[in-house]
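Residue numbers for the sequence shown, in our numbering: 136 to 737. Heads up, the beta-carbon is just placed ideally off N, CA and C, and yes, glycines get one too. Below is one structure, written out as structure tokens, with a few remarks after it.
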Amino acid sequence: MSTAPATPPPGVGWRFLRRYALAYWPWYLVGALALVATNGLSVTIPMVMARGIDALSLGAAGRHQVAVAAGEVAGMGALVIGIRTLSRLMFFTPGRLIEAQINRDLFQALLQQQPSFYARFDQGDLTARFTSDTQNVRLLFGFTALGVLNTATAAVLAGMRLVELSPLLGALAAVPLAIAFGLSAVAVNRLRAVMRETQAALASLSTHALASFQGVATVHAFGAAEAMRRGFAVHNEEVRRLSLERAQLRVAVGPVLGLAATLDVFGALYLGGPGHGDLGPLGTVQTLSAGEVVAFAAIVAFLVAPLRTLTFTLSVIRVATASLERLDQVLSAPPDRPDLARPDGALPAPQAAPALALRGLTFRYPGDDTARDALHDVSLEVPPGGLLGVFGPTGSGKTTLVRCLTRLERPPPGTVFVDGVDVLDLDLDAWRAAATLVPQRAFLFTESVRDNIALGSSEPLDEVVAAAQLETDLTALPDGLDTVVGEAGLTLSGGQRQRVALARGLLQRAPALLLDDVLSAVDPATEAALLTMLAQRRARGGATPTRVIVSNRVSALRSADLVIVLDRGRLVDRGTHAELLSRPGPYREACERQSERTGGGA
């Protein structure tokens, strides 16, 4: 699994700010003005209340002042509700829009990446980046931006009002609040570490759950449900433990700030009352009226809320910073596309059946420490419209060869050529469209057979269904082409899944067709029909496509123009089917073994 770098990349936060947030500066400006107005009204209301409360002591003479003060408080309260709502809309809306844009950019970035990129990340880890990490960034540009500015304006405006009521009491009130805030910051530091651990635990839980769902057939077949449940329980228990610790840390912050506010109210009542304001060398606290004491307490209580929010805001900033680093790993990762780096641009892919060539191809998978090449010094030529057969035991490099031809893996420069052009120089998207690869284990979506074959195409499917020998199978399915195949095609047999994938590949009518052991799960009669079809198959222009058939079954390679035999990544023999049978070697030995099992000839 990929993890965040030990040291943050320089300027990640600024890059995200410039790329995503600066476009919304008018929203933030209006929101900031609304926050200033909201906090200004909020600390003015207690001052008006003080005037009204003190007017009560005047009896009938003060009724008018009380009524005026009550009206002002009601009016300002209504304004606070409206303006506060506006401030949240101005901050939260950009956060949501930024989250949506980051998700779109992440998806686009992942579409550009090649298989080597996905080998570095667990599925659960990538899922976590799309969910919890983007949510943390949304909070950073929404809730956090609001919280920081709100706390700053509230502290300044509330401090001015407290000093206005009593300079010395106002200064003393800052001491308990500062101590409480410091203690809260310590808890927040631990909270940051816990939230990092929670992210990792959630990624592990997601990976385990995804693997369980995708492998549900294997789980049932081997009776491993209880083992999978135990594994899930272990991951879930870790998430639960960290979530509880996070909740406990959050709960601890509130009472500390509440106690500080209580001490400030006590100070206002005790030191601001008549005869209790002498603090010796610190000076004398002016006597406060009843209304001023109430105002002082109300302003201190008002200040506690943004300070408490700030402690959580700091934790969000720290967690969101880690999320920015994780998202940047995906967004800034250069795709494995040497064709895009060519000064003159990528070269066009062939529109007709291409000639394929390997010249001393040696390939080892990145991170493979087995000290053995997957392919070693392999050379061959396939003319336009030719049929190449690839034979070899499991692990001999057959799949690696077709993956290099289709650029699912990146071969070394100067080793794989299409019509004499290095495959690394071809427009990769165009080459993928021109070279259809049908893998042995093709992925089927949880959709109908029709949708799995068409993949969005509007072309009729009757011809490819017949060519892939699926007609008889469809009559046995409850809804024919509209039968939903289940997760990864679990409702179909292995042979049916292979032929659905084959029909999908045939629908493209591409100038190059590569089949990676797609006949391994079909019976001999179906295999013979499919081989006849492939020999007669035509690309969109009407010409015979260049074909590569990978198979462990000798019978599937009888009509190949050239058959190569691979063993441990090396090309150990080559020739036509008849030539390979005429001399001793692994090909003839395999043919004899398979003939004995089937009771017939090759």
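Proximal residues to residue i (C-beta, below 6 Å), its chain only, five neighbours per side dropped
i, result
"G524", "I684, L692, A695, V698"
"V451", "L274, T279"
"V599", "A638, L641, L642"
"T571", "G640, Q643, A645, L648"
"F226", "G166, G277, A280, L281"
"L152", "none"
"E727", "none"
Cβ neighbour criterion (16 or more within 10 Å) applied to residue i
i, result
"F498", "buried"
"Y155", "buried"
"V291", "exposed"
"T173", "buried"
"A569", "buried"
"D463", "buried"
"D508", "buried"
"F256", "buried"
"S690", "buried"
"P311", "buried"
"A360", "exposed"
"D479", "exposed"
Three-state class that DSSP yields for residue i in the structure shown
i, result
"E207", "helix"
"D658", "coil"
"E516", "strand"
"F276", "helix"
"S192", "coil"
"R718", "coil"
"G502", "coil"
"L572", "strand"
"T497", "strand"
"F226", "helix"
"S267", "helix"
"R472", "coil"
"A577", "coil"
"A382", "helix"
"V738", "Residue 738 lies beyond the stretch modelled for the chain, which goes from 136 to 737, so this question has no answer here."
"D557", "strand"
"R150", "helix"
"D702", "strand"
"L510", "strand"
"F256", "coil"
"A481", "coil"
"V551", "strand"
"A359", "coil"
"V619", "strand"
Range of the contiguous beta strand (DSSP E) that encloses residue i
i, result
"T529", "Segment: none, T529 is in no beta strand (DSSP E) and carries neither H nor E."
"R705", "705-710"
"T681", "681-685"
"D651", "647-651"
"D696", "Here D696 belongs to no beta strand (DSSP E), and DSSP marks it neither H nor E."
Inter-residue CB distance, residue i and residue j (contact presumed, cutoff 8 Å)
i, j, result
"A338", "D260", "5 Å"
"A636", "A577", "3 Å"
"A484", "A565", "4 Å"
"G294", "T444", "Not really, about 17 Å apart at Cβ, beyond 8 Å."
"V183", "A204", "5 Å"
"T618", "S592", "19 Å between Cβ atoms; not a contact."
"S655", "R682", "Not confirmed; about 17 Å, so no contact."
"V374", "L340", "6 Å"
Residues near residue i by beta carbon distance below 8 Å, same chain, minus five either side
i, result
"G720", "V700, V707, D708"
"D702", "G527, P528, S531, P721"
"K533", "V525, F526, G527, D651, D652, V685, L701"
"N238", "F265, T269"
Residues near residue i by beta carbon distance below 7 Å, same chain, minus five either side
i, result
"G415", "Its pLDDT being 48, under 50, G415 is placed unreliably by the model, and nothing is read from it."
"G410", "The pLDDT assigned to G410 is 48, lower than 50, so where the model puts this residue is not dependable, and the model offers no usable value."
"M363", "S347, V354"
"G710", "V698"
"L221", "A169"
"Q604", "R634, T661, A664, L665"
"H511", "T497, G704, R705"
"V178", "L292, A293, R296, I434, F437"
"V298", "G305"
Delimiting residues of the alpha helix (DSSP H) encompassing residue i
i, result
"F447", "425-466"
"D597", "597-602"
"D608", "606-611"
"L536", "533-540"
"V584", "584-589"
"G640", "629-642"
"P250", "250-253"
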